[in-house]
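> Sharing a structure here in structure tokens format.
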Amino acid sequence: MTKAPFSGKGERASDLLVLIHSDVCGPMNTQARGRFQYFIMFTDDFSRYMYIYLMRHKFEALEKFKEFKNEVQNQHGKSIKALRSDRGGEYLSPDFDELLKECGIVSQLTPPGTPQWNGVSERRNRTLLDMVRFMMSQTDLPTSFWGYALETITFTLNHVPSKSIQKTPHEMWTGKRPDMSLVFLEKEFLSNNGNGRNIELEEVQEQQINEPEVEPTSHVLEENSTNLETQSLRRSTRDRHEPKRYGFLVTTHGDAILVYQDEPKTYQEAVSSPDSEKWLEAMRFEMDSMSENQTWTLVEPPERVKPIGCKWVFKKKTDMDGNVQSYKGRLVAKDFRQIHSVDYDETFSPVAMTKSIRILLAIAAFHDYEIWQMYVKTAFLNGKLEEDVYMTQPEGFVTP
């Protein structure tokens, strides 16, 4: 879902570094190589030249801004006058606010619920993510390469025309016309001796890349189409198939290497993975919890009743540095096969509303209370079902 932009055009900056737009995007569902989950963007309002920094944590935003500020001010001999951002916590920290005051940089925070005021960053976010999805869809590389795709797209956008400015961002930023040979590929054939396949790279004609006219309301990977146009789009003719076991083969310089995915998708993948013992232990713990809470009773299915299925969901729990702390195996019922008003009347999750938690935190902060947090394992098993639900036994733990 998107919000329409405000009517009218805002006043543009008259010189470089007068106004910098910034935003943080993430966390992504898949970590980029280097364990990056976020990226922060800085866009100069006058030239639309853009800097991108990959981050592992949101709190790195301050250090990345310092790195950006030192580089651009040293290269241009000018100082940043204003920084426009949303009200993300990374921009509201005391350290960030103190740095801006020390450097005489005006902080322009957008009002709550109005991403239109930070439209340059919001549009750029959507353009970048759309183009990342487009680029990754044209390759067989793992999705963890999205960080390299993001950096490549940023370089490209800085070197091609945009409807927002008269020249390319690179020319307005450096005063020099960009070398287009760095952006577009000449037609050539690359021979891969390892598998005998030929890869053809077609010459790409220069296209004007327009930014979307509407603003995204959140920093999620929206399923919108990109405005990138190409003359010839051809998918690879390589045969695609599911791996026969947990992992997939990658051929490098004639050597076959078995690369394992982070988390298994099925029970068979879990028991055949290098971490099979840890996944089995996680599944046994889940089954013990089911037994202790008397989650179900083992019965023969009644006549005319077709039990719903179930599946294992596996997840690695990591700390703030990305180190694996524990292995989790959760058993879930495939209740999507049930029909409303036939198998059940209503469904809800007994969880607290976000606004209620915020009110609680505000009261605690006002009275200087201490807040404690605890984790309840398998809390959802305490829910009571009014209807009878028949489910098949979980794979790997079938009682004859």
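In case it helps, UniProt numbering puts the sequence shown at residues 1 to 400.
Here a beta-carbon is modelled for each residue, glycine too, at the ideal position from N, C-alpha and C.
1) Buried or exposed: PHE96, going by 16 or more other Cβ atoms within 10 Å of its Cβ?
2) Under 8 Å by Cβ, that's how I've got MET55 and PHE39 pegged, so tell me the actual separation to the nearest angstrom.
3) Helix, strand or coil for LYS311, going by three-state DSSP, please let me know.
4) What residue does the alpha helix (DSSP H) around LYS159 start on, and which one ends it?
5) So ARG33 and SER144 are supposed to be a Cβ contact under 8 Å. How far apart are they, rounded?
6) In this structure, what does DSSP give as the bridge partners for HIS340?
7) When you compare the stretch 333–353 with the stretch 299–311, are there three or more beta-carbon pairs, one atom per stretch, that lie closer than 8 Å?
8) Can you tell me where the alpha helix (DSSP H) with LYS64 in it begins and where it stops?
9) Considering just the uninterrupted stretch of the beta strand (DSSP E) at GLN325, what are its terminal residues?
10) With distances taken Cα to Cα, identify the nearest neighbour of MET283 among TYR267, ASN293, THR297.
11) If you follow the alpha helix (DSSP H) that ARG126 is part of, which residue opens it and which one closes it?
12) Express the C-alpha separation of GLN108 and GLU122 in angstroms, rounding to a whole number.
13) Thinking C-beta only, is TYR53 closer than 9 Å to THR43?
14) Pull up the CB-CB distance for GLY322 and ARG35, whole angstroms please, since I reckon it's below 8 Å.
15) Taking the straight line between their C-alpha atoms, what separation do you get for GLN393 and HIS57?
16) Quick check on ILE359: buried or exposed, where buried means 16 or more other Cβ atoms within 10 Å of its Cβ?
17) Quick test of the definition: if touching needs 3 or more C-beta pairs under 8 Å, does the stretch 282–296 touch the stretch 314–332?
18) Along the chain, where does the beta strand (DSSP E) containing PHE42 start, and where does it finish?
19) Counting only the same chain and skipping the five closest in sequence on each side, list residues whose C-beta sits under 6 Å from that of GLU387.
20) Helix or strand or just coil, what does DSSP make of residue 430?
21) Taking the alpha carbon of MET41 as the reference point, which residue from GLN373, LEU62, ASN29 has its own alpha carbon closest?
22) Quick check: what's the CA-CA separation for ASN125 versus TYR49?
23) Straight-line CA distance for LYS101 to PRO27?
24) Name the DSSP bridge partner or partners of TYR51?
25) Among the residues of its own chain, which have a CB less than 8 Å from the CB of ILE153, if the five just before and after it don't count?
26) How many angstroms separate the CA atom of MET353 from the CA atom of TRP372?
27) Below 6 Å CB to CB, which residues in the same chain sit around ALA13 once its five sequence neighbours on both sides are set aside?
28) Alpha carbon to alpha carbon, how far is GLY104 from PRO94? Give it in angstroms, no decimals.
29) Check each candidate in PRO112, GLU67, GLU277 and name the one with the smallest Cα separation from LEU99.
30) Using a Cβ-Cβ cut-off of 9 Å, state whether ARG12 counts as contacting chain D.
31) State the Cα-Cα distance for the pair LEU190 and PRO112, rounded to the nearest angstrom.
32) Exposed or buried, which one is TYR375 when buried takes at least 16 other CB atoms within 10 Å?
According to the structure data:
1) buried
2) Indeed, because the Cβ distance is near 6 Å, the residues count as touching under 8 Å.
3) strand
4) The question names Lys, yet the displayed sequence has His at residue 159. It spans 146–159 - the alpha helix (DSSP H) in which HIS159 sits, taken as one unbroken run.
5) 5 Å
6) TYR344
7) Taking one beta carbon from each stretch, the stretch 333–353 and the stretch 299–311 have 3 or more pairs nearer than 8 Å; the two touch.
8) Boundaries of the alpha helix (DSSP H) around LYS64: 61–76.
9) 324–333
10) Closest option to MET283, Cα to Cα, is TYR267.
11) 119–137
12) For GLU122 and GLN108, the distance between alpha carbons rounds to 15 Å.
13) no
14) Sure, about 5 Å apart at Cβ, within 8 Å.
15) Each residue's Cα considered, the two are about 40 Å apart.
16) exposed
17) yes
18) 38–44
19) TYR344
20) Any answer about residue 430 is impossible in this case: the structure gives the chain only from 1 up to 400.
21) LEU62
22) 14 Å
23) 29 Å
24) PHE42
25) LEU128, MET131, VAL132, MET135
26) For MET353 and TRP372, the distance between alpha carbons rounds to 18 Å.
27) LEU19, ASP45, PHE46
28) So the two alpha carbons sit approximately 15 Å from each other.
29) GLU67
30) Absent from the structure is chain D; it holds one protein chain and no more.
31) Any reading at LEU190 must be qualified, since the residue scores a pLDDT of 37, below 50, and its modelled position is unreliable; no value is offered.
32) exposed
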